[in-house]
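Accompanying notes for the structure given below.
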Amino acid sequence: MRYVCLGYMDAPAWEALSLIEREAFLAECRAYDELLAEAGHVVAREALEREENGATLRIRHGGATIEPGCLAAAYQTPLRGILVIDATDMNHAIQLLSRHPAVRRGAVVEVRPAATAGRIDAGEKSLKKPKSVVETGRSPSTN
3 MRYVCLGYMD APAWEALSLI EREAFLAECR AYDELLAEAG HVVAREALER EENGATLRIR
63 HGGATIEPGC LAAAYQTPLR GILVIDATDM NHAIQLLSRH PAVRRGAVVE VRPAATAGRI
123 DAGEKSLKKP KSVVETGRSP STN
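For the sequence shown, the numbering used here gives the first residue as 3, with consecutive numbering after it.
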């Protein structure tokens, strides 16, 4: 199954790193992404530029309104990257991402099942919530 992983990292946490620490961190992230790719898990991946380099587009009253910056940046920790992976189930996807260097450095990763063609059930709760380690008493499977 395909999962979209959205990586968020607080700007002050990033800015607190020295240039050498940033380069080492990015190299570590790229190396882990390559391991996932070599194992056949990576479908797509992109790092994102800072939110002030983006734009927010809205259609209002029949016309386009374009605002500088990203909408989400005003409400939460900025989105820094997107990783689309193939995994056997939600627990497997979570297990793969829990080892990512960005998570170990304080980034937050949202893991969401991708809607497949013909199954756009955005408002429905068709997927069961995965059982946590606490609920099952064991680590997620490594399928």
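Every residue, glycine too, gets a C-beta built ideally from N, C-alpha and C. These figures come from a predicted structure and were not determined experimentally.
Do residue i and residue j have their CB atoms nearer than 8 Å?
| i | j | result |
| --- | --- | --- |
| G44 | I96 | The residue asked about is misnamed: residue 44 is Val in this sequence, not Gly. No, Cβ-Cβ distance for V44 and I96 is not below 8 Å. |
| G108 | A15 | yes |
| P80 | Y10 | yes |
| C31 | V113 | no |
| A89 | Y5 | yes |
| F27 | L21 | no |
| L99 | V111 | yes |
| E51 | T58 | no |
Is it right to say residue i is buried, meaning 16 or more other beta carbons lie within 10 angstroms of its own, or is it exposed?
| i | result |
| --- | --- |
| R24 | exposed |
| E36 | exposed |
| E40 | exposed |
| L73 | exposed |
| A104 | buried |
| E54 | exposed |
| L85 | buried |
Whole-angstrom Cβ separation of residue i and residue j, contact assumed at under 8 Å?
| i | j | result |
| --- | --- | --- |
| H146 | Y34 | As shown, the chain starts at 3 and ends at 145. That puts residue 146 outside it, with no answer to give. |
| E48 | G71 | Actually they are not in contact, since the Cβ atoms of E48 and G71 sit about 18 Å apart, beyond 8 Å. |
Based on the DSSP secondary-structure assignment, which residues constitute the bridge partners of residue i?
| i | result |
| --- | --- |
| S110 | In the sequence as presented, Ser is not what sits at residue 110; that position holds Val. Y10, per the DSSP bridge assignment. |
| I87 | Y5 and V44 |
| T58 | E69 |
| A18 | A18 pairs with nothing; no bridge assigned. |
| L81 | Y10 |
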